[in-house]
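Q:
Protein chains in written order, with my numbering: chain U, 311 to 933; chain R, 42 to 121.
(1) For the region 601-677 of chain U, which segments carrying the beta strand (DSSP E) assignment without a break, of at least 3 residues, lie completely within its bounds, in sequence order?
(2) At the level of alpha carbons, what is the spacing between residue 518 of chain U and residue 410 of chain U?
(3) Taking DSSP's pairing of strands, which residues face residue 438 of chain U in a bridge?
(4) To the nearest angstrom, how far is it from the Cα of residue 369 of chain U to the Cα of residue 80 of chain R?
(5) Would you identify the three-state DSSP class for residue 431 of chain U, choosing helix, strand or coil?
(6) According to DSSP, is residue 585 of chain U helix, strand or coil?
(7) Mark residue 604 of chain U as exposed unless 16 or more other C-beta atoms lie within 10 angstroms of its C-beta, in which case mark it buried.
(8) By the 10 Å Cβ neighbour count, where 16 or more other Cβ atoms means buried, how is residue 532 of chain U classified, buried or exposed?
(9) Three Cβ pairs or more, each shorter than 8 Å: is that satisfied between the region 701-712 of chain U and the region 726-740 of chain U?
(10) Which of the residues in the region 673-697 of chain U, read from start to end, lie with their CB under 7 Å from any CB of chain R?
(11) Could you tell me whether the Cβ of residue 846 of chain U comes closer than 8 Å to any Cβ of chain R?
(12) Can you tell me which of U/870, U/788, U/823 puts its alpha carbon nearest to the alpha carbon of residue 46 of chain R?
(13) Would you call the region 921-931 of chain U in contact with the region 868-881 of chain U, where contact means no fewer than 3 C-beta pairs closer than 8 Å?
(14) If contact means a Cβ-Cβ distance below 8 Å, which residues of the region 429-443 of chain U contact chain R?
(15) Using the Cα positions of residue 436 of chain U and residue 458 of chain U, report the straight-line distance between them to the nearest angstrom.
(16) Determine the chain R residues that contact residue 784 of chain U at a beta-carbon separation under 7 Å, and present them in chain order.
(17) For residue 454 of chain U, which option in U/513, U/527, U/418, U/501 has the closest C-alpha, if you only look at C-alpha atoms?
(18) Can you tell which of U/685, U/634, U/771, U/335 has the C-alpha that lies nearest to the C-alpha of residue 481 of chain U?
(19) Taking the alpha helix (DSSP H) that residue 360 of chain U belongs to, which residues open and close that run?
(20) Quick one: Cα of residue 98 of chain R to Cα of residue 816 of chain U, how far?
(21) Tell me where the beta strand (DSSP E) around residue 371 of chain U begins and ends.
(22) Under 8 Å, Cβ to Cβ, is there at least one residue of chain U near residue 63 of chain R?
(23) If you draw a straight line from the alpha carbon of residue 566 of chain U to that of residue 589 of chain U, how long is it in whole angstroms?
(24) If we ignore side chains and look at the alpha-carbon of each, how far apart do residue 754 of chain U and residue 623 of chain U end up?
(25) In whole angstroms, give me the CA-to-CA distance for residue 43 of chain R and residue 714 of chain U.
(26) State yes or no: is the beta carbon of residue 66 of chain R nearer than 8 Å to at least one beta carbon in chain U?
(27) So, is residue 366 of chain U buried or exposed, given that buried needs 16 or more other C-beta atoms within 10 angstroms?
(28) Bridge partners of residue 705 of chain U, per DSSP?
(29) Give the C-beta separation of residue 559 of chain U and residue 610 of chain U to the nearest angstrom, bearing in mind that I take them to be a contact with Cβ-Cβ under 8 Å.
(30) For residue 76 of chain R, decide whether its Cβ has a neighbour in chain U, counting only Cβ atoms nearer than 8 Å.
(31) Taking only the alpha-carbon atoms, compute the straight-line gap between residue 716 of chain U and residue 613 of chain U and give it to the nearest angstrom.
(32) Does the separation of the CB atoms of residue 408 of chain U and residue 434 of chain U fall below 8 Å?
(33) Mind checking whether residue 412 of chain U and residue 438 of chain U have CB atoms under 8 Å apart?
(34) Give me the Cβ distance between residue 680 of chain U and residue 636 of chain U, rounded to the nearest whole Å; I'm assuming they're in contact under 8 Å.
(35) Which residues mark the beginning and the end of the beta strand (DSSP E) in which residue 322 of chain U is found?
(36) Buried or exposed for residue 83 of chain R, going by 16 or more other Cβ atoms inside 10 Å?
Here's what the structure looks like:
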């Protein structure tokens with residue numbers, strides 16, 4: 311494919327092995343805020359960003375999934391190869407390749423650089439993490455390496471401000487005059503090729519005077535403890551336990567502040583606006599609905615603070631290693647850990663991350679169980695029900711509410727393992743594909759990354775509350791208000807509305823599992839996203855109240871009107887229920903079939919109903 | 042009466058926004074591309090097309106999850 315280049319931005323592709331810092335460099339070059347983490351497999355699709363340059367031409371930077379070679383074994387690696395070879399539909403081949411190499415582990419990255427160089431595309435080598443390399447005693451003669459390789463070699467520290475200035479300087483488009491780019495041809499990887507490549511690599515390392523990093527005995531001792539089959543698992547459980555305790559203990563005060571603020575705002579609205587539909591829309595729809603979800607922001611922030619610290623420190627891949635045997639025994643690939651971990655934030659990136667799993671059956675199993683991981687959208691539902699129904703008491707040194715939250719997260723994980731095991735029985739025995747994972751170095755979490763990551767989560771949560779949740783609450787308020795009740799009505803107005811009638815119908819389906827008509831109504835808009843159910847409950851209860859008894863705070867209303875059995879049944883429902891249309895849409899896209907999202911929705915609804923039924927009956931009999 | 046008209050407008054806008062956000066990503070991208078093609082022949086809309094429409098097309102083309110930070114693009118980073 312020949313492409314004429316005019317004055318369009320210079321197309322630059324970032325290529326490198328997984329976890330060498332490509333995305334951090336991409337963010338540095340383009341000012342983007344793409345997710346960065348200290349483990350491989352974070353980027354599974356190509357991402358594009360632009361940078362304006364002084365000559366006006368600009369740069370178009372492509373961040374590609376990490377790969378160890380141009381002979382891919384997984385879907386994400388194939389994307390990298392296809393972009394470089396100009397095979398990806400609608401994407402022109404890059405005019406310049408920046409091969410990002412982790413200076414600490416130079417040989418692994420340099421091998422890929424040699425492969426890329428053979429394609430004949432103009433190339434710059436970015437020697438990333440040079441600060442860590444120097445601290446660990448790595449020596450590289452940059453000038454000699456550049457001379458031998460025949461391309462510019464630029465030391466960078468992508469996570470530090472100004473750490474990529476030299477690279478930015480060399481990427482100025484005037485240094486790379488526009489020319490016709492011919493897509494390079496692929497070549498077969500023969501045994502002779504591989505041997506030649508290895509010989510070239512050894513030669514390069516010798517010329518560059520590469521001295522490998524000093525091993526740190528302390529790191530070795532810590533790793534021996536964290537990766538111990540028994541002690542390591544105990545530490546992992548303790549870490550998760552502390553995390554969930556903190557979610558409840560630390561978030562209580564800021565949640566109370568937001569709650570009081572919402573109640574005051576609602577009171578102010580009703581006091582200062584004339585009675586009528588506008589005041590009702592604001593108080594019952596907007597504030598009671600969207601406001602009741604916003605209350606959970608502190609819990610989301612605390613949960614993600616812990617997750618980001620674990621990600622950045624390099625602990626998570628060690629957890630993956632620990633759990634590999636367990637996951638293998640139930641039929642999950644070791645590579646499923648990162649997708650399942652990502653699903654704790656949201657199932658969508660988790661399902662997309664399954665592209666790193668080469669075997670289709672393993673990938674499908676992981677996709678099917680990913681929604682069972684407790685995503686952050688469930689946290690407001692869990693938080694509301696636990697705060698309303700579980701006393702704020704201690705069990706020994708532990709917070710009881712934190713214990714229940716830990717149990718719910720554990721229930722999600724255990725159910726995912728059980729479902730994977732059942733799927734394995736249906737699919738028949740197959741060869742286990744072991745986890746091959748390069749353990750990253752331990753590092754102190756980078757404060758900038760941490761703050762940026764938290765800021766992104768806050769933005770996502772607040773924009774959802776102010777976007778889709780707010781819009782759905784306004785629609786629900788309308789459905790809960792109209793048609794108006796007849797003049798001789800005796801019950802609350804909502805009972806005569808469209809939503810009330812729908813709730814009465816659905817109650818027949820959900821009564822056996824203990825759900826009242828208010829919950830039944832809330833489950834419908836909750837199909838859009840799980841946390842919408844909390845807002846919907848806020849609106850429905852606010853609309854159900856009569857006269858001055860306006861329910862601005864949902865928690866005490868639930869505490870006084872629901873039985874413990876109903877609350878527990880709803881918690882059990884939410885461990886399984888696939889109430890997220892976006893997730894089902896992504897499953898359809900990733901599997902290229904309606905069959906799998908329909909199977910997923912069917913089995914998750916069935917599990918949710920059975921679990922809620924059993925929970926309701928058992929707790930009812932017990933209390 | 043004016044309160045009811047105001048509320049009706051808000052509800053209709055909210056319903057339209059909900060449908061937009063909940064529709065499949067591919068359908069949303071198709072609609073954006075159709076809007077782009079329609080506005081391309083109208084010079085008066087050039088500024089709006091560049092500022093408002095193009096970034097949304099880029100985001101919608103990224104993945105099925107345009108609410109994610111993963112699709113947050115910053116196309117015009119300051120030049121050095």
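Here a beta-carbon is modelled for each residue, glycine too, at the ideal position from N, C-alpha and C.
A: Put simply:
(1) Segments of the beta strand (DSSP E) lying fully in the region 601-677 of chain U: there are none.
(2) Distance from the CA of residue 518 of chain U to the CA of residue 410 of chain U, rounded to the nearest whole angstrom, comes to 17 Å.
(3) Answer is U/412, bridged to residue 438 of chain U.
(4) Rounded to whole angstroms, residue 369 of chain U to residue 80 of chain R spans 26 Å at the Cα level.
(5) Three-state result, residue 431 of chain U: coil.
(6) It is coil, neither helix nor strand.
(7) Counting the other CB atoms within 10 Å of its CB gives residue 604 of chain U a total of 16 or more, which places it among the buried residues.
(8) Around the beta carbon of residue 532 of chain U, fewer than 16 other beta carbons lie within 10 angstroms, which makes this residue exposed.
(9) Contact check between the region 701-712 of chain U and the region 726-740 of chain U: fewer than three CB pairs, one atom from each, fall below 8 Å, which does not count as touching.
(10) The residues in question: there are none.
(11) Between residue 846 of chain U and chain R, the shortest Cβ-Cβ separation is not below 8 Å.
(12) Its Cα nearest to that of residue 46 of chain R, the residue U/788 stands out among U/870, U/788, U/823.
(13) Judged by pairs of C-beta atoms under 8 Å, the region 921-931 of chain U touches the region 868-881 of chain U, as three or more such pairs exist.
(14) So the list is empty, because no residue satisfies the distance condition.
(15) C-alpha separation (whole angstroms): 15 Å.
(16) Taking a Cβ-Cβ threshold of 7 Å, the residues of chain R close to residue 784 of chain U are 51, 52, 55, in chain order.
(17) With distances taken between Cα atoms, residue 454 of chain U lies closest to U/513.
(18) Answer by Cα proximity: U/335.
(19) Element bounds for residue 360 of chain U: not the alpha helix (DSSP H) but the beta strand (DSSP E), 357-361.
(20) Looking at the two C-alpha atoms, the distance is approximately 39 Å.
(21) According to the DSSP assignment, residue 371 of chain U belongs to the beta strand (DSSP E) that extends over 369-373.
(22) Closer than 8 Å to some Cβ of chain U, the Cβ of residue 63 of chain R qualifies, so yes.
(23) Rounded to the nearest whole angstrom, the CA to CA distance from residue 566 of chain U to residue 589 of chain U is 24 Å.
(24) Whole-angstrom Cα-Cα distance: 6 Å.
(25) Rounded to whole angstroms, residue 43 of chain R to residue 714 of chain U spans 49 Å at the Cα level.
(26) With 8 Å as the cut-off, residue 66 of chain R counts as an interface residue toward chain U.
(27) By the 10 Å Cβ count, residue 366 of chain U comes out exposed.
(28) The bridge partners DSSP lists for residue 705 of chain U are U/708.
(29) With a beta-carbon spacing of about 15 Å, residue 559 of chain U and residue 610 of chain U fall beyond the 8 Å limit used to define contacts.
(30) Output row for residue 76 of chain R: interface = no.
(31) CA-CA distance, residue 716 of chain U to residue 613 of chain U, rounds to 12 Å.
(32) The answer is yes: Cβ separation under 8 Å.
(33) At a Cβ-Cβ threshold of 8 Å, residue 412 of chain U and residue 438 of chain U count as neighbours.
(34) Contact between residue 680 of chain U and residue 636 of chain U does not hold, since their C-beta atoms are separated by about 17 Å, which reaches or exceeds 8 Å.
(35) Looking at the DSSP string, the run of the beta strand (DSSP E) that includes residue 322 of chain U is 320-326.
(36) With a threshold of 16 other beta carbon atoms within 10 Å, residue 83 of chain R falls short and is exposed.
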